[in-house]
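Numbering (my numbering), first residue to last: 1 to 375.
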C-alpha cells in the first residue's frame, strides 16, 4: 500500500508537528507533502524524511512569513499531485485537509482542531493582525470559511485528537469523528533530582494561549515565571512582565525537558484543544495548574496530576497559585498517568482505525462500481 502524509506547514516545531512525527513512524518511508518547509527551524525532527513542498516554497522568504500567505494556501494544497497513492493521511489545524485525492484513494484526516482563525477569529486572528489589515481579513473570512467547510467534507474519515476537538468538529463541520488522543513521548521525559522555584509556561506566544493571564497573575503574587516560546504576541507580553518574569524564547528539546522537570508546576492559562504540555509535565513528574476547560479536562486529573482555576482572570489564577502545594502530588502517579498517553498506545489506536477504514473502503469499492467524477 502506497501511503502519503500531508501537513499544513513545517515551519515551527510544535505539538502538531510532534504528533505528525509519531504518525509517520507507522509508515516511515511515506513522503510528507507540505506547503512550506523550514529545515533550520525544524532541526533534526524531519531531516531524514522525504519532504515535498508546494509552489509556495519558491516565494522568497515564504517559510519565515508563512502567516502572511493565508489566502494562497487553499490553491496550494488543491494543486498537490497525489496520484499513485492508496492512502493519504492529512495532519491539520487548517488547510491540509483540503487536498484533492484521486478516485480510489482513501483520505484519512487527523485533525488537531477546526481552523481557529476562521471559526474563532476574535480570539485567534484579529488580535495579531495589524489594525489596517483587519478590514481585508474580515472581507476574506466568509470565502475562506466556505472553502474550509467544503474542504472538511473531503476526507472519508476524520480522527480528532481529543473529545473536545471532536465536539468542535461536529459544531463547525457537522461531521462525526473517531478519537485518538495525542501522544506524549514519555521516554523523552524524566523527573529531576531537584526542583527549582519557578512556574513554567510553554506555548507559542499567540493571544488565544492567554500567556498574559499567567504573567499578570505571577506579577500579582510575585511568583517567578519562566515563559518559553516565541510568537507575534511577544512584544506585548514583555511589556506586561514584572521583575519575576523571565522569557526564554525558543528552546530546544533538551532545554524544554530540563525546564519541565525542574519547575514547581506548569501553568496552562488558555483553552487548549488537547493539552499536550500538561502530559509532558506529568511525564516529567510535575503537576499543572490549568484553566478548567477544553482539552485540559481530558489530560489533567484534578487532585492527582494538577489543579484547575475556573474563571479566566488573573485574580482566579493568582488565587490558585497561592493555594497550590506542588509537594502534594505524587511523582509516581504523575508519570503513570502520562504513560496512558504513550506513543505506542497512540500508534496502536491509529493503526486500528486505519485498518478498519481501509477494510471498509475496499469493501465499498468492490460493492460499488467506480465513477468518473472527481473527489
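Virtual Cβ for every residue (Gly too), placed ideally from N, Cα, C.
Between residue i and residue j, what straight-line distance do the alpha-carbon atoms span, to the nearest angstrom?
i	j	result
residue 243	residue 220	11 Å
residue 170	residue 90	18 Å
residue 180	residue 162	7 Å
residue 41	residue 346	26 Å
residue 143	residue 278	36 Å
residue 369	residue 106	Bear in mind that the predicted position of residue 369 carries a pLDDT of just 46, short of 50, making it too unreliable to give a figure here.
residue 378	residue 54	No information on residue 378 is available, as it lies outside the stretch 1 to 375 that the chain covers here.
residue 281	residue 247	19 Å
residue 379	residue 241	Any answer about residue 379 is impossible in this case: the structure gives the chain only from 1 up to 375.
residue 303	residue 329	8 Å
residue 73	residue 95	7 Å
residue 150	residue 232	29 Å
residue 257	residue 103	45 Å
residue 176	residue 166	7 Å
residue 48	residue 17	15 Å
residue 19	residue 182	7 Å
residue 386	residue 67	Since the first residue shown for the chain is 1 and the last is 375, residue 386 is missing from the structure and cannot be characterised.
residue 274	residue 337	15 Å
residue 283	residue 301	14 Å
residue 297	residue 193	29 Å
residue 208	residue 195	29 Å
residue 100	residue 136	28 Å
residue 76	residue 186	36 Å
residue 362	residue 88	15 Å
Helix, strand or coil: which one does DSSP assign to residue i?
i	result
residue 303	coil
residue 178	strand
residue 247	strand
residue 199	strand
residue 120	coil
residue 385	The requested residue 385 is not part of the displayed model; the chain covers only 1 to 375.
residue 220	helix
residue 91	strand
residue 190	coil
residue 225	strand
residue 205	coil
residue 80	coil
residue 394	No answer is possible for residue 394: the residues shown for the chain start at 1 and end at 375.
residue 165	helix
residue 230	coil
residue 13	coil
residue 358	helix
residue 211	helix
Skipping 5 residues on each side, what residues in its chain have a beta carbon closer than 7 Å to that of residue i?
i	result
residue 217	314, 317, 318 and 321
residue 372	The predicted model places residue 372 with a pLDDT of 35, which falls under 50 and marks its position as unreliable, so this point remains unresolved.
residue 114	168, 169, 172 and 173
residue 351	26
Using a 10 Å radius around the Cβ and a threshold of 16 neighbouring Cβ atoms, would you call residue i buried or exposed?
i	result
residue 327	exposed
residue 21	buried
residue 111	buried
residue 15	buried
residue 355	exposed
residue 359	exposed
residue 393	Any property of residue 393 remains undetermined from this structure, which presents the chain solely from 1 to 375.
Leaving aside the five residues before and after residue i along the sequence, list all residues of the same chain whose C-beta is less than 6 Å from its C-beta, in chain order.
i	result
residue 210	269 and 270
residue 339	186
Give me, in chain order, the residues of the same chain whose beta-carbon lies closer than 8 Å to that of residue i; leave out the 5 immediate sequence neighbours on both sides.
i	result
residue 265	199, 200, 281, 286, 287, 288, 289, 306, 324 and 326
residue 79	54 and 55
residue 13	41, 42, 43 and 45
residue 249	228, 229 and 230
residue 159	108, 109, 110, 111, 177, 178, 179, 180, 350 and 353
residue 34	6, 7, 8, 9, 10, 51, 52, 53, 54 and 96
Length-filtered (4 minimum) alpha helix (DSSP H) runs lying within the region 15-70 = 15-24 and 39-42
Please list the segments of the beta strand (DSSP E) lying wholly inside the region 93-118, counting only runs of 3 or more residues, in order along the chain.
-> 106-111
Jot down the residue ranges of each uninterrupted beta strand (DSSP E) in the region 271-345, minimum 3 residues, whole runs only, in chain order.
-> 288-291 and 306-309
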